[in-house]
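All letters in the sequence shown, in the order written, are residues 17 to 112 by the numbering used here.
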Amino acid sequence: MKKLILGMILASATIVISCGPKSVAITGPKYTSSEQLAQGKTIFENSCNRCHKLPDPTKHDDQGWIKTLSRMAPKAKLSDDQHQMVYDYLISANKK
Numbered sequence: 017m018k019k020l021i022l023g024m025i026l027a028s029a030t031i032v033i034s035c036g037p038k039s040v041a042i043t044g045p046k047y048t049s050s051e052q053l054a055q056g057k058t059i060f061e062n063s064c065n066r067c068h069k070l071p072d073p074t075k076h077d078d079q080g081w082i083k084t085l086s087r088m089a090p091k092a093k094l095s096d097d098q099h100q101m102v103y104d105y106l107i108s109a110n111k112k
């Protein structure tokens with residue numbers, strides 16, 4: 017009986033973990049048009065500002081933003097395209 021209960025708990029935990037929010041890994045810039053970068057800025061300002069003060073784009077380098085956004089995009093419920101646009105905006109603003 018204990019093995020059956022333990023098996024059910026493990027199966028439930030596996031389902032919960034596998035159904036959690038996921039974000040596609042960003043590996044580099046994709047969107048470079050001024051319109052797409054402006055969209056990324058708008059998404060960044062509207063989505064991130066809901067929960068905390070907006071970070072300065074120069075706070076992280078490209079790899080730092082990849083790490084930060086991969087953690088935060090699911091919390092902000094960003095689509096993969098929105099995630100990419102925010103990343104592209106941040107690294108473009110970081111290079112100015």
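Glycine residues also receive a C-beta, built at the ideal position from the N, C-alpha and C atoms. Every value quoted in this text rests on a predicted model; they were computed, and no experiment measured them.
Looking from the CA of W81, the closest CA among K91, A54, H99 and K69 belongs to H99.
In the three-state scheme derived from DSSP, where H, G and I count as helix and E and B as strand, D72 is classed as coil. One alpha carbon belongs to I59, the other to M17, and they sit about 51 Å apart. By the neighbour-count criterion, in which a residue is buried when 16 or more other Cβ atoms sit within 10 angstroms of its Cβ, C64 is buried.
Between the alpha carbons of K75 and H68 lies a gap of roughly 15 Å.
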